[in-house]
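Residue numbers (my numbering), protein chains in the order written: chain P, 407 to 706; chain E, 407 to 706.
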């Protein structure tokens with residue numbers, strides 16, 4: 407049992423845990439128990455409860471965590487590692503402690519730096535996927551897109567993250583669909599490829615965002631996009647706007663769930679970008695396994 | 407009493423009415439009784455109730471209306487006038503009817519066309535302010551910014567609207583402050599000029615919007631903007647992003663409430679734009695009075 411351990415991605419809204427044996431997943435958990443749902447910062451008690459089926463069998467399993475659990479609002483405030491950041495820097499910056507029930511635990515730091523637009527930028531959790539991507543597909547340089555609530559575009563060199571920029575694509579999409587005039591009084595939505603493609607094409611025209619999105623209203627008024635396809639059109643606008651920032655001359659990876667990466671692959675066909683999809687969970691587990699092996703090396 | 411009439415701006419969320427005598431305001435009403443608050447499309451009953459103090463004294467006052475009251479969701483679906491559109495076109499396109507209590511009524515159409523970014527665009531209500539602006543400040547050409555939930559930038563030539571573009575500045579600001587991660591867990595906000603200016607300057611750097619706004623998170627994390635100044639910073643980002651689309655070589659008018667135009671004037675100082683503020687209500691009343699005089703001319 408000595409090679410069993412638990413890998414955890416603990417974010418603001420979700421909690422995911424994997425039980426591993428020799429780095430193979432033998433069980434997993436996914437609960438809507440993100441940091442916001444933890445009462446009065448009782449992180450240890452919450453974790454013990456979530457992991458109880460596994461801990462009952464093996465009480466002191468080592469636990470390696472990443473994500474917002476290491477932020478100001480999380481269990482431990484783990485200072486960001488600075489760019490450029492590789493596996494060694496993340497290991498060096500990790501927070502080591504013992505849980506009340508006796509498990510050795512590590513929280514891996516996030517990364518901060520300056521985006522390619524000169525803005526301060528931060529990530530927590532995606533750095534693990536980036537390490538995993540490099541381990542799975544070794545190369546001198548990587549350009550990786552990690553779509554999501556806050557999409558990240560990262561460049562890596564010799565396995566180190568050298569810069570990254572955040573795009574609030576997923577959060578803006580959700581706000582515009584659910585809370586804005588653009589999403590008001592819509593019928594049941596039906597996914598529609600042509601409307602998605604139309605959105606991607608429209609966004610490629612270098613139109614300012616706050617004007618661009620109003621077309622989801624006017625195209626509907628004019629009958630160019632059906633009311634039940636507005637979410638597809640908006641998704642195309644948002645993803646197209648994000649991809650317009652990527653140099654089409656450089657092949658890139660897109661890391662995430664198959665449902666999400668499929669949209670980016672479809673948009674890339676329209677914009678002429680060469681994208682290759684990689685499963686986000688596989689990258690996360692591979693990246694955390696890499697850190698786990700560093701921990702074992704350095705602490706044995 | 408024959409020169410008494412009622413001017414109404416009836417929008418989605420607000421209702422405003424002015425009682426005029428010889429085009430001077432002698433009374434006014436402002437109620438949160440926009441179209442969304444009218445039950446079962448009982449617009450006539452709602453209007454009669456809202457105007458009852460004035461109608462009691464003079465039952466058949468003529469009523470001239472503009473705004474979303476002329477939309478699909480409004481009292482009458484009045485087709486848009488097309489660009490280029492001047493006072494004559496708006497008069498020609500207006501919907502004339504008699505209210506159940508015997509007032510002659512007109513609803514002035516909105517305007518549709520193609521924005522300077524090639525997108526379909528629409529306005530309802532702002533066209534009245536534009537006519538009023540030209541009447542108050544005659545010139546061959548006007549560039550006018552009408553800030554708001556959906557800001558409009560319009561160009562006029564010889565008193566006709568020749569093109570316009572919508573920017574969803576106000577709605578995005580509200581969504582980001584109230585519903586997004588950027589506005590979460592903020593203390594009581596305090597207006598702060600330096601944070602506003604910093605936002606305007608940051609937005610002038612041609613940074614993609616979905617990345618730009620994330621700086622409201624990272625600048626707070628880094629301590630560059632205090633938590634109680636985040637709304638000021640976001641306001642600067644949003645207005646700066648909108649103004650970055652305006653050619654600094656062309657003087658422009660900004661039409662709106664003093665509170666709102668003051669922000670645009672402050673931002674224009676930062677970006678080097680020459681802006682002159684004009685009161686939005688004055689423009690609205692002047693524009694609607696112009697249409698009222700056309701109505702009187704053509705129907706007498």
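Cβ atoms here follow ideal geometry from the backbone N, Cα and C, with glycine treated the same way.
- Query: Where does the unbroken alpha helix (DSSP H) through residue 664/E begin, and where does it stop?
  - Reply: 664-677
- Find the nearest neighbour of residue 590/P within the set 559/P, 561/P, 565/P and 627/P, judged by alpha-carbon distance. 627/P
- Query: For residue 482/E, which of helix, strand or coil comes out of DSSP?
  - Reply: coil
- Message: What would DSSP say about residue 520/P, mapped onto helix, strand or coil?
- Response: strand
- Message: Whole angstroms are fine: how far does the CA of residue 478/E sit from the CA of residue 503/E?
- Response: 17 Å
- Given a threshold of 16 other Cβ atoms within 10 Å of its Cβ, counted over all protein chains shown, does residue 689/P qualify as buried or as exposed? buried
- Express the C-alpha separation of residue 494/E and residue 600/E in angstroms, rounding to a whole number. 46 Å
- Message: Taking 8 Å as the cut-off, does the segment 474-490 of chain P touch the segment 512-531 of chain P (at least 3 CB pairs, one atom from each stretch)?
- Response: yes
- Query: Quick one: is residue 557/E buried, meaning 16 or more other Cβ sit within 10 Å of its Cβ, or exposed?
  - Reply: buried
- Tell me whether residue 667/P is buried or exposed, calling it buried when 16 or more other Cβ atoms sit within 10 Å of its Cβ. buried
- Short-range partners of chain E found in the segment 600-615 of chain P, where Cβ spacing is below 9 Å: 608, 611, 612, 613, 614 and 615
- Message: Cβ closer than 7 Å: which chain C residues qualify as neighbours of residue 574/E?
- Response: In summary, chain C is missing from the structure at hand, where the protein chains are P and E.
- Report yes if the C-beta distance between residue 605/E and residue 642/E is below 9 Å; otherwise report no. yes
- Classify residue 525/E as buried or exposed, calling it buried when 16 or more other Cβ atoms lie within 10 Å of its own Cβ. buried
- Query: By the 10 Å Cβ neighbour count, where 16 or more other Cβ atoms means buried, how is residue 508/E classified, buried or exposed?
  - Reply: exposed
- Item | Contact set for residue 473/P: own chain, Cβ-Cβ below 6 Å, skip 5 residues either direction | 415, 416, 417, 530 and 531
- Alpha-carbon to alpha-carbon, residue 572/P and residue 650/E: 21 Å
- Which term fits residue 455/E, buried or exposed, when burial requires 16 or more other beta carbons within 10 angstroms of its beta carbon? exposed
- Query: Can you tell me the Cα-Cα spacing of residue 634/E and residue 592/E, whole angstroms?
  - Reply: 7 Å
- Message: Pairs of beta-carbons, one from the segment 419-433 of chain P and one from the segment 677-696 of chain P, closer than 8 Å: are there three or more?
- Response: yes
- Could you give the residue range of the beta strand (DSSP E) that holds residue 511/P? 510-513
- Run through DSSP, which three-state label would residue 434/P get? strand
- Using DSSP with H/G/I as helix, E/B as strand and the rest coil, what is residue 628/E? coil
- Task: Determine the direct distance from the alpha carbon of residue 622/E to that of residue 528/P, and round the result to whole angstroms.
- Result: 12 Å
- Message: Tell me the rounded alpha-carbon separation between residue 471/E and residue 632/P.
- Response: 30 Å
- Leaving out five residues before and five after residue 436/P in sequence, what residues of the same chain have Cβ atoms less than 6 Å from its Cβ? 422
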